[in-house]
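Take a look at the structure below.
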Amino acid sequence: MSSNDSYFLALENRGLEKVKVQWLNHKHGRPESKNWYLVRHWIEEQEQKQRNINASVKEVLTLKGFEYSAESNKIQRNMLCVLALTLIVTTVFDLITILQAQT
């Protein structure tokens, strides 16, 4: 493992937010130094990864929402069909009852 790899591993262990604060407080070298640029680049990469993850999660949740909506619509359609069938059967029985009462 190169020294940069172990350095980046140490950064990952600290966490992005802590490293950002340290970097802003110049704890990773003077501005414009090699380490300063390395850490800045690492922070940018981590933030981009986080944005990509957030976008993926948002997309998955949106798709799940559509699936839920479609499933919900299917359930509502089925309930309406059962209600319509119940109304038809009730009406037919009422008509039969009326016809029997007239005879």
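Numbered continuously in the numbering used here, the sequence shown closes out at residue 124. Note that beta-carbon positions come from the ideal geometry of N, C-alpha and C, so glycine has one too.
Here residue 51 carries a coil assignment [DSSP, helix/strand/coil]. A direct Cα-Cα distance of roughly 26 Å separates residue 88 from residue 105. In terms of Cα proximity to residue 60, the closest of 33, 116, 84, 86 is 33. About 6 Å separates the beta carbons of residue 57 and residue 51, which is inside the 8 Å limit, making them a contact pair. In the pairwise beta carbon analysis, the segment 59 to 77 is classified as touching the segment 34 to 43: at least three pairs are separated by under 8 Å.
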